[in-house]
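**Student:** The numbers in my numbering rise by one with no breaks, and the one at position 25 of the sequence shown is 28. Yeah, the Cβ is synthetic: ideal placement off N, Cα and C, and Gly gets one too. Every value quoted in this text rests on a predicted model; they were computed, and no experiment measured them. I'd like to ask you about the structure that follows.
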Amino acid sequence: MKSFLSVRDLGPDEMRSLVEKASELRDVLDLGGEVEPVLRQRCVANLFFEPSTRTRLSFDLAARRLGADVITFNPETASTSKGESLRDTALTVSSMGVDVLVVRHRDDGVPRAVSEWTGVPVVNAGDGTNEHPTQALVDLVTMQRHFGALEGIHLGIVGDISHSRVAGSLVAAAMSLGVRVTLIAPEHWLPSGVAVPARNDLDGALADLDVVYLLRVQTERGGQISDEYVERFQLGKDRLGSLGEKTIVMHPGPINRGVELSDDVADSPRSHILEQVRNGVPCRMTVLRALVAT
């Protein structure tokens with residue numbers, strides 16, 4: 004694997020292998036086991052042109068646990084604030100001897116462009132409304148560890164789907180591994196031309212779902228929160244009773260309590276949101292190790 008830019012660049016066997024290796028690594032970390040420092044004397048640069056908590060910190064920790072030196076780019080204090088182009092910034096950082104670039108950007112396609120400009124392995128940490136492939140890996144690992152297998156799970160993705168790079172990766176990756184996917188959102192947030200079952204009523208779908216995957220309304224990309232949306236699509240305490248006995252709730256974060264879910268749901272035993280966070284480090288370690296092994 005030269006870079007990890009899109010889940011669509013990997014076949015089902017490659018994606019399944021990443022899921023299995025990440026889950027095994029999670030077990031090792033939970034037991035306090037040692038991890039081979041395969042990135043010793045290597046450098047990972049985090050180029051985040053958008054705010055991030057979970058993804059940036061988990062990449063930072065993942066690289067350090069593999070023995071890498073880590074540098075973190077801050078666009079507010081970098082030469083981009085003086086007018087330096089994105090291409091020149093990427094070339095400058097890569098010329099310092101960086102071995103892996105982790106890139107997040109508000110525009111679609113930037114991580115792939117950085118890969119082409121620099122020739123350095125690049126991990127897509129989220130680009131525009133396009134993809135977030137490592138988050139898809141995190142989510143698949145979380146589901147696999149809970150259910151024991153992925154094939155046949157019914158995943159319902161709820162909310163601002165058309166603006167979601169998370170959904171862009173998760174739908175493709177999940178379906179490639181045999182997960183049933185249903186999109187649930189207001190009609191104007193359902194993407195066109197996608198061959199995935201879709202509906203615009205949450206209540207009618209809940210009883211058949213194994214995973215309720217909630218998405219944040221992305222106001223920074225044009226999504227608008229209305230009282231009608233909250234009434235129709237918020238997963239609150241009143242809707243928990245409609246879930247199956249083993250159904251779990253997931254969310255890539257950051258969560259907006261009182262919008263896509265209530266406090267009762269976020270803090271309930273059904274919630275696997277913090278479990279997703281815990282899986283972030285071993286999943287990103289797995290991706291970084293795969294790049295080094297190439």
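What first and last residue would you give for the beta strand (DSSP E) that runs through Leu158?
**Tutor:** The residue labelled residue 158 in the question sits at position 155 within the sequence shown. Run containing Leu158: 157-161, per the beta strand (DSSP E) assignment.
**Student:** Alpha carbon to alpha carbon, how far is Asp230 from Val262?
**Tutor:** In the sequence shown, counting from the first residue as 1, residue 230 sits at position 227. In the sequence shown, counting from the first residue as 1, residue 262 sits at position 259. In a straight line, the C-alpha of Asp230 is about 9 Å away from that of Val262.
**Student:** Taking DSSP's pairing of strands, which residues face Arg183 in a bridge?
**Tutor:** Your numbering for residue 183 matches position 180 in the sequence shown. Its beta-bridge partners are His157.
**Student:** How is Arg67 classed by DSSP in three states: helix, strand or coil?
**Tutor:** The sequence position of residue 67 within the sequence shown is 64, counting from 1. If DSSP states are grouped into helix, strand and coil, Arg67 belongs with the helices.
**Student:** Can you round the beta-carbon distance between Ala139 and Val280 to whole angstroms, since I take them to be within the 8 Å contact cut?
**Tutor:** Indexing the sequence shown from 1 puts residue 139 at position 136. Indexing the sequence shown from 1 puts residue 280 at position 277. Actually they do not touch by this definition, with Cβ atoms about 15 Å apart.
**Student:** For His108, does the three-state DSSP call read helix, strand or coil?
**Tutor:** What you label residue 108 is simply residue 105 of the sequence shown in a count that begins at 1. His108 falls in the strand class under three-state DSSP.
**Student:** Can you give me the C-alpha to C-alpha distance between Pro272 and Val252, rounded to a whole angstrom?
**Tutor:** The residue given as residue 272 occupies position 269 in the sequence shown. The residue given as residue 252 occupies position 249 in the sequence shown. Roughly 9 Å between the two C-alpha positions.
**Student:** To test your reading of the DSSP string, which unbroken beta strand (DSSP E) runs of 3 or more residues are found completely within the stretch 106-154?
**Tutor:** Within the stretch 106-154, the complete beta strand (DSSP E) runs of at least 3 residues are 125-130.
**Student:** Verify whether the separation of the beta carbon atoms of Gly162 and Val220 is less than 8 Å.
**Tutor:** To locate residue 162, count along the sequence shown from 1; it is residue 159. To locate residue 220, count along the sequence shown from 1; it is residue 217. The answer is yes: Cβ separation under 8 Å.
**Student:** Taking C-alpha atoms, which residue in Val197, Leu291, Gly151 lies nearest to Ser172?
**Tutor:** Here residue 172 refers to the residue found at position 169 when the sequence shown is read from its first residue. The shortest Cα separation from Ser172 among Val197, Leu291, Gly151 belongs to Val197.
**Student:** State the beta-bridge partners of Ile74 as determined by DSSP.
**Tutor:** Within the sequence shown, the letter at position 71 stands for residue 74. For Ile74, which the question treats as bridged, DSSP gives the partners Ala48.
**Student:** Around the Cβ of Arg292, are there at least 16 other Cβ atoms within 10 angstroms (buried) or fewer (exposed)?
**Tutor:** Looking up residue 292 in the sequence shown gives position 289. Classification for Arg292: buried.
**Student:** Compute the beta-carbon to beta-carbon distance between Leu264 and Leu238, rounded to the nearest angstrom, for a pair I have assumed lies under 8 Å.
**Tutor:** Taking the first residue of the sequence shown as 1, we reach residue 264 at position 261. Taking the first residue of the sequence shown as 1, we reach residue 238 at position 235. With a Cβ gap of about 5 Å, Leu264 and Leu238 count as contacting.
**Student:** Counting only the same chain and skipping the five closest in sequence on each side, list residues whose C-beta sits under 6 Å from that of Leu8.
**Tutor:** Sequence index remark: in the sequence shown, residue 8 carries index 5 (1-based). Around Leu8: Pro114, Arg115, Asn127.
**Student:** Hey, how far is the Cα of Arg67 from the Cα of Val22?
**Tutor:** The count along the sequence shown starts at 1 and reaches residue 67 at position 64. The count along the sequence shown starts at 1 and reaches residue 22 at position 19. One C-alpha to the other measures close to 21 Å.
**Student:** In its own chain, which residues sit with a C-beta less than 8 Å from the C-beta of Asp204, not counting the 5 before and 5 after it?
**Tutor:** Mapped onto the sequence shown, residue 204 falls at position 201. Here the set comprises Ile187, Arg235.
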